[in-house]
Amino acid sequence: MMAGDGTLALAALLLHATAFLVLAIAAPLRRLGRPAAYVSILCAAGSLAAAVLSWRAHTGEAISRLVWTWLPSEGQTLATVGVLADADSTVMLTLVALVALLVQVYSLGYLSDERAPSLGRYYAYQSLFAFSMMGLVLAPNFVQLFICWELVGLCSYLLIGFWYERPAAARAALKAFWITKTGDVGLLIGIVLIWRHTGTFDLTEMRVLAGNGAIPLAGLSVMTFCIYLGAVGKSAQFPLHIWLPDAMEGPTPVSALIHAATMVTAGVYLLHRTDWLFALTPDVLAIVVWVGAFTALLSAVLACVQNDIKRVLAYSTISQLSYMMAAIGAGFSGAGFLHLLTHGVFKALLFLGAGAIIHAVHSNDLPDMGRLARRMPQTAIVFTVGALSLAGLPLFAGFLSKEEILGAVLAGGFAAPFAMLVLVAFLTAFYMFRVVFLAFFAAPPAGHAGAAAASGAPHVADASHHASHGAAAHEPHEPPSSMLLPLWVLALLSVATGVFFTVVHPEPEFESPAWLMPVGVGSAVAGILLAWATYQRRAIDAASLAAAFGPIYRGALARFWIDAVFERAYRLALLGFSRLVGWIDRYLVDGVLNVLSAWTVQAGDDLRTMQTGRVQDYVYGIAVGLLVLLLWVQFN
Amino acid sequence: MGLQAYLTLAAVVFCIGLFGVMTRRNTIGILLGIELMLNSVNINLVAFARYSGDVTGMVFTLFTICITVAEAAVGLALVILLFRVRRTVTADHLDLLKG
Chain B
0 MMAGDGTLAL AALLLHATAF LVLAIAAPLR RLGRPAAYVS ILCAAGSLAA
50 AVLSWRAHTG EAISRLVWTW LPSEGQTLAT VGVLADADST VMLTLVALVA
100 LLVQVYSLGY LSDERAPSLG RYYAYQSLFA FSMMGLVLAP NFVQLFICWE
150 LVGLCSYLLI GFWYERPAAA RAALKAFWIT KTGDVGLLIG IVLIWRHTGT
200 FDLTEMRVLA GNGAIPLAGL SVMTFCIYLG AVGKSAQFPL HIWLPDAMEG
250 PTPVSALIHA ATMVTAGVYL LHRTDWLFAL TPDVLAIVVW VGAFTALLSA
300 VLACVQNDIK RVLAYSTISQ LSYMMAAIGA GFSGAGFLHL LTHGVFKALL
350 FLGAGAIIHA VHSNDLPDMG RLARRMPQTA IVFTVGALSL AGLPLFAGFL
400 SKEEILGAVL AGGFAAPFAM LVLVAFLTAF YMFRVVFLAF FAAPPAGHAG
450 AAAASGAPHV ADASHHASHG AAAHEPHEPP SSMLLPLWVL ALLSVATGVF
500 FTVVHPEPEF ESPAWLMPVG VGSAVAGILL AWATYQRRAI DAASLAAAFG
550 PIYRGALARF WIDAVFERAY RLALLGFSRL VGWIDRYLVD GVLNVLSAWT
600 VQAGDDLRTM QTGRVQDYVY GIAVGLLVLL LWVQFN
Chain G
452 MGLQAYLTLA AVVFCIGLFG VMTRRNTIGI LLGIELMLNS VNINLVAFAR
502 YSGDVTGMVF TLFTICITVA EAAVGLALVI LLFRVRRTVT ADHLDLLKG
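Listed in order, the protein sequences are those of chains B and G. By my numbering, the letter at position 533 of the first sequence is numbered 532, and the numbering carries on one by one without gaps. Every number in my numbering is 451 more than the matching position in the second sequence, counting from 1.
Put into C-alpha cells, the structure is as follows:
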C-alpha cells in the first residue's frame, strides 16, 4: 500500500474532478440523466475507497505533502497546489467522500421525477461540490484553500438554486451567496495580511514559524479575526447565520450535503486547521467562544418554533456548528473537530430521513405529518437514531463529542458560555424529539388528518415540487431502496461510532469534572421527556408552554427580527448608497458629458453656416487668407 | 524696361483675373478670370527667364499654355454639362454643398 505519500488522497480528489469534467464536457451524456448519475456515483465510490485507504495510511503523526509549483515569483515559489494529507485532513476527506457518495445514491431515488437534463446537471454540480470541498480539505496553503472555499460557495449557490425557476429558490441562492461572500471578503483580507506578515501562504511553513515563535504577535489579532470572519459567513455564525435556513429551498439531499460535509463545515475546519495560529491570539478565541455560544442558543430557540422540518434541522445545524466553534474558541479544537465528524454523519442521516418523509407526504410542514411510524417504520427507526445522536445520548454518535465540547468550554474557563451550551443541549433534545413525536408517533392535529398528500403548501420547495409530479392523493410509503440504503448505512455508522467511543473512551486533552456527563445526558433526557410530555402525551399544552415564554416565543417566530434588520439595512444602507451613487452618475458624471456634447452640437450648428456652398465665397476666403499671410510675412 | 515693370504688369493682370473670379456671377466669366491669372503667371515666367538668361522658364511657359488650353476645354465642357443638368450657369445658384 502506498503509505506515506498523498497519491491516494489526490486520487480521491481527482475522481470527483473527473466526474465533473466528463459531465460538463460531454453534454449528450449529461442530458441522458441517469447514465450521467451512474458515472458520477461510480467516481464517488472510487473516491470513497481512495479516501478510506488514505485515511488508514495517515493515522497518528504521518504527514505527506504532494505539491506542485504554481505561481513562481522571483526565484521562489509564491504558491503551490497539491495535497497535504495528515490524520485530520484524511479523516475529513473520508467524511466528505462518504456523505457525497451516499447523497448521490439517495438522490437517484429522491429526484426520480426530475427531467433527465436537469438530473445530469444536478450530478455535475454534485461532483464539482465534492471536488471543491476535498480540495479545501487537502489544501496545503491558503491560496488553494481560498480558491476551493469560493468554489464551494459557488456550488452551494448553484445547488440551492437548483430549481431556479422558483423565485424563492433563486432568492435563497443569492442570499446564501451574498451573505457568505461578506465573510469571504474578511477571509481574503486575512490571508493577504497573514502573507504580508509571515511571507508565506504555506500552512506547514507557517506552522513551523508559529511553533518557533517566529510570527510577530503585533497586529496578528486583526488577521486571525479576518480569517474568523470567513468562517463566520461559511459556518453560519451570528450575525451571518441567516442564509442557512433559507438554503432549505434546495433539494433535500443538497441540504444534507451542505450541512453534513461540504459547505458549512468548511468554516469550522478552517479554524481547526489553523488552530496553532489562533492559539497565538487568545482575544480572538474569546470572541469565537462567545459568538459560538450565543449563536448556539439563538438558533436552538429558533429551532423550537419552526414548523418546517427542514428548517428545524437547519437551525440545529447552526446550533451544532456553534458548539464546535465554542470548543475551538476554548482552545481545544480537537473536540470541535470530533463533533464535526460525528455531526457530519448524523446530520446527513437526519436530512436524508427528512427527505424520505417529504418524499412520502409531499409536505415539509410538521402538522401535515403524524403517525408516520406505522407507514414508514424503517424511516422512523433511522430518523430516531439520528435524533438520539444529535441529542447526545450514550451509545450514539453525538454523545462523546458533545461531552468533550462541554468539557472543553468549561476547561477553557468560560463558565457562562458553558451554561448556555448546557441549555442548548436541553433545547436540542427538545426540538429534535418534538419533530420525532410530531412526525412519527403523535396523531396529526385535527383538520390535517389525511390532508398530507393534497396540501402541498406552495411556499415549500420540495413539497410542491413533488406534489406536482406525484399522484394527487396516496398513502405515505417507505422510500425506494436507493434512498433507504444510505439511510441505513448512516444510521449504522452513527450507532457504530457511538458504541465505539463509549467503549474506547479516548483520553481528552483536558480534565473535565465527574458531574459533566450526568449534566449533559440529564439535560438531553429532560429535553426528550418534555417533548414527549408535550407532543406525545399532550400532558402539557404546547400553546400554554409557548405562552409561558411569551416574548421569546413571539421573537423566535419573527426570527428575532435579524432577517428584518438585515433587510432594512440592505434597503436603507445599500439601496440608499446605490441611489446616491446613481444620482452622482446620472447628474454629475453624465451631466458633464451631456453639457460638453450639447456645446459641441451647438458650436457645429453655428459653424455650419460658414459653408455656403458657393465657390466664390471660398475664393474670397483663400484670397483674403493669402493676403493676410503675405502681410504677415512682410511685416515680421 | 527693367524686370520690375513686367512683374508689376503680371501682378496687375493677376489681380484683375482674381477680381473677375470673385465677382463674376457667370461661370464662363469665372473661367475667363482664371485664364487671366494663368497668363499673368506666364508673364512672370518669361520675364524671369529673360532676366536670368535661362530658357527653362520659356519652355515651362509653353507647357503652361498647352495645359491652359486643355483646362479651358475641360472647363467649358463642364459648364455645358452643368447647363444641361441645372439649366443655369450662374455661380450663386450652384450651392449644393451648402452646410
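A virtual CB, placed ideally from N, CA and C, is assigned to each residue, including glycine. All values reported here derive from a predicted model rather than from experimental measurement.
Between B:V381 and B:P252, the C-beta spacing is not below 7 Å. Cβ contact annotation for B:G32 (same chain, cutoff 6 Å, sequence separation greater than five): A115, L118, G119, in chain order.
The continuous alpha helix (DSSP H) containing B:S298 extends over residues 281–303. Taking 7 Å as the CB threshold, G:G550 lines the interface with chain B. The Cβ-Cβ distance between B:A396 and B:G249 does not fall below 7 Å. The beta carbon of G:M473 falls within 7 Å of a beta carbon belonging to chain B, placing the residue at that interface. Taking a cut-off of 8 Å for Cβ pairs, the stretch 508–515 of chain B and the stretch 398–414 of chain B touch, as three or more such pairs fall below it.
Per the coordinates, the alpha-carbon of B:V300 lies some 7 Å from the alpha-carbon of B:A555. In this chain, the beta strand (DSSP E) harbouring B:S63 covers 63–72. Rounded to the nearest angstrom, the gap between the Cα atoms of G:T515 and G:T474 is 25 Å. Against B:Q633, chain G offers no close residue; the least beta-carbon distance is about 14 Å (beta-carbon pairs closer than 9 Å). Looking at the DSSP output, B:L83 sits in a beta bridge with B:R64. Annotation for G:S503: the continuous alpha helix (DSSP H) segment containing it runs 478–503. Straight-line spacing of the CA atoms in G:A461 and G:H544 works out to 32 Å. With distances taken between CA atoms, B:L337 lies nearest to B:K401 out of B:K401, B:G391, B:P376, B:A347. Here the alpha carbons of G:A500 and G:T507 stand approximately 7 Å from one another.
Around the Cβ of B:Q143, a 10 Å sphere holds 16 or more other Cβ atoms; the residue is buried. B:W148 is the residue among B:S298, B:W148, B:G328, B:A329 whose C-alpha sits nearest the C-alpha of B:V263.
For B:G603, no CB of chain G lies under 7 Å from its own CB, so it is not counted at the interface with that chain. Secondary structure note for B:N593: its alpha helix (DSSP H) is the uninterrupted segment 589–606. Of the candidates B:S155, B:L279, B:I527, B:D367, B:L279 places its Cα closest to the Cα of B:A213. At a C-beta separation below 7 Å, G:A461 has no neighbours in chain B, since its nearest C-beta there lies roughly 15 Å away. At a C-beta separation below 7 Å, G:L469 has these neighbours in chain B: A622.
With a minimum length of 4 residues, the unbroken runs of alpha helix (DSSP H) contained wholly in the stretch 314–387 of chain B fall at 332–360, 371–374.
For B:I404, same chain residues with a beta-carbon under 6 Å away, outside a window of 5 residues either side, are Y322, A326, A334, H338 in chain order.
Per DSSP, B:E164 lies in no alpha helix (DSSP H) segment and is marked neither H nor E. By the CB criterion at 7 Å, B:A313 and B:M247 fall inside the cutoff. Spatial neighbours of B:G210 in its own chain (CB-CB distance under 8 Å, excluding positions within 5 residues in sequence) are listed in chain order as W275.
Each residue's CA atom was taken as its position, placing G:L454 and G:V464 some 16 Å apart. Under the 10 Å beta carbon count, G:F534 is surrounded by fewer than 16 other beta carbons and is classified as exposed. For G:A523, no CB of chain B lies under 7 Å from its own CB, so it is not counted at the interface with that chain. Counting only Cβ-Cβ distances below 9 Å, B:Y619 has contacts in chain G at M473, in chain order. Relative to the Cα of G:G550, the nearest Cα in the group B:R607, B:A259, B:Y552 belongs to B:R607. The beta carbon of B:S522 lies closer than 6 Å to those of V421, A424, F425 in the same chain, with the five residues before and after it left out.
G:T539 and G:L532 have their C-alpha atoms spaced approximately 10 Å apart. DSSP, read as helix, strand or coil, puts B:T58 in coil.
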